[in-house]
Amino acid sequence: MRVIIESDADAVAECASGFFQSLLLHKPDVVLGLATGSTPIKLYQKLIQKFQQGLLNFQQATTFNLDEYVGLEIGHPESYRCFMQEQLFRHINVRPEATHLPQVESKNLLRQGADYDEKILAAGGIDLQLLGIGSDGHIGFNEPGSSLASRTRIKALTRVTRQDNARFFNSIDDVPKLSVTMGIGSILKARRCMLLATGPAKAKAIQAMIEGSVTARVPASALQLHPDTIVILDPDAAKLLQFKDYYQDSELLQRELESTTTET
Ligand code: GLP
1035 MRVIIESDAD
1045 AVAECASGFF
1055 QSLLLHKPDV
1065 VLGLATGSTP
1075 IKLYQKLIQK
1085 FQQGLLNFQQ
1095 ATTFNLDEYV
1105 GLEIGHPESY
1115 RCFMQEQLFR
1125 HINVRPEATH
1135 LPQVESKNLL
1145 RQGADYDEKI
1155 LAAGGIDLQL
1165 LGIGSDGHIG
1175 FNEPGSSLAS
1185 RTRIKALTRV
1195 TRQDNARFFN
1205 SIDDVPKLSV
1215 TMGIGSILKA
1225 RRCMLLATGP
1235 AKAKAIQAMI
1245 EGSVTARVPA
1255 SALQLHPDTI
1265 VILDPDAAKL
1275 LQFKDYYQDS
1285 ELLQRELEST
1295 TTET
């Protein structure tokens, strides 16, 4: 895992947007895995800014979101489809038909997961999967106890997650109990994963994910098994990391190496 500790949430977003920018430059028909939650909003703002400045072009890009709530009416402002529309899609030139989220309106919800995984495969697989992390260590809506090999499927939300997400609804009773989420196994198939975390509420989950055992108790710890995962943190989210100094030293060396490699 490449662990990058930036000075604040804005720098986290700037750093993440740089990875998106270089990927889009090298591969205009990129397949992006996208995430919701408050953490990626700053990154989406940076991507919009760069698009407006002519530095990014999403014309040929395809996107697949990690997850969607089950049970909200179509057009509900807290549905992840609306979130993506508002926070990113309507501001950039991605083709609407190239943006995908799990279809939760389908009568055959049980089949939806497999269909979604097949669609991702047919698109050539995900080049870069963006992730946030839940305070209980979940990624997507893969709650503690999720199989580390799980595929996209229906998943019940824990009380902790429903409580965490209640701030977006009138009350916890309005937070859906079910979701369709990419599985951990599906996420691990992405060529690169990039997880962002900011704020002290994420510090425990981040420490367990990076320095704890690989365990279904902390679904994000499965990323230790991925060959190309970048974790970008602010100091609050990084505060419990035991090997923080080592990650910072390694990152300096990595950047030095990258600059000499590009110069030659
Ligand atoms: C939700 C999403 C996750 C996200 C998490 C953290 O549960 N399904 O994908 O990582 O929230 O959200 P936030 O960034 O708001 O803390």
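Residue numbers (the working numbering): 1035 to 1298. Even for Gly, the Cβ is constructed at its ideal location relative to N, Cα and C. This structure is a prediction, so every number in the text was calculated from the model and none was measured.
*With a CB to CB cut of under 6 Å and the five nearest residues on each side skipped, what residues in its chain are close to L1100?*
A1069, G1174, M1216
*Please name the residue in P1261, L1182, V1214 whose C-alpha comes closest to that of Q1137.*
V1214
*Touching by the beta-carbon criterion (3+ pairs, under 8 Å), the stretch 1040-1052 and the stretch 1256-1269*: yes
*Using the beta-carbon count (16 or more within 10 Å), is H1060 buried or exposed?*
Burial is judged here by how many other beta carbons sit within 10 angstroms of a residue's own beta carbon; H1060 has fewer than 16 and is exposed.
*Take Q1094 and list the residues in its own chain whose beta-carbon comes closer than 7 Å to its own, dropping the five residues that flank it on each side.*
P1062, D1063
*Where K1080 and G1166 are concerned, what is the direct C-alpha to C-alpha distance, given to the nearest angstrom?*
17 Å
_Cβ-based burial, K1211 [other Cβ within 10 Å; buried from 16]_ = exposed
*asked:* Please identify the residue among G1071, Q1146, L1155 whose C-alpha is closest to the C-alpha of I1188.
replied: Q1146
*Does the beta-carbon of T1298 have 16 or more other beta-carbons within 10 angstroms, so that it is buried, or is it exposed?*
Because the pLDDT of T1298 is 45, which lies under 50, any placement of that residue in the model is unreliable, and the question is left without a value.
*Where does S1056 sit, in a helix, a strand or coil, going by DSSP?*
helix
*Kindly identify the DSSP beta-bridge partner or partners of V1214.*
E1102, I1188
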